[in-house]
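In what follows, a structure is listed as structure tokens, so that the remarks can point back to it.
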Amino acid sequence: MDANRLFAQKDSEIERLKREVTMLKDTEASLMLDLDNTGSALEDLQEQNAKLISLQKENDEGHIKMMNDRIIATQLQVKIKEEMAHLESQVNNLTRQIAALQCEKESQNEALRLALETIGVKTKENV
């Protein structure tokens, strides 16, 4: 009877181990599925990160170009202001020269008029 009981015990243990193996296989399959899902999710995240990094790089390049354009525009603006100041100075100088020349012209015209009057008076006296 000991042999039958030992046999029954071993048979029971075999059944328990078979159930445990089945349960472990189910757990393994579930874990493998979870691992596959996690791997797929990781790949998706890596792809999304790569796209975001690329987009960020494009944005950074755009900002750098805008800053560069702004620097160039500011430099041009400064150069134009300097050139305008120089041209305004030249205009002021030329305006003063014109005024001086007009004054001189008026003075010479007055001198010429007086000279012509004097000549006219002397001509009348000589006649």
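For the sequence shown, the residue numbers in the UniProt record's numbering are 1 to 127. Heads up, the beta-carbon is just placed ideally off N, CA and C, and yes, glycines get one too.
Residue range of the alpha helix (DSSP H) that includes residue i
i, result
"M32", "2-126"
Distance, residue j Cα to residue i Cα
i, j, result
"D34", "D44", "15 Å"
"L112", "T118", "10 Å"
"A73", "K81", "12 Å"
"M23", "R5", "26 Å"
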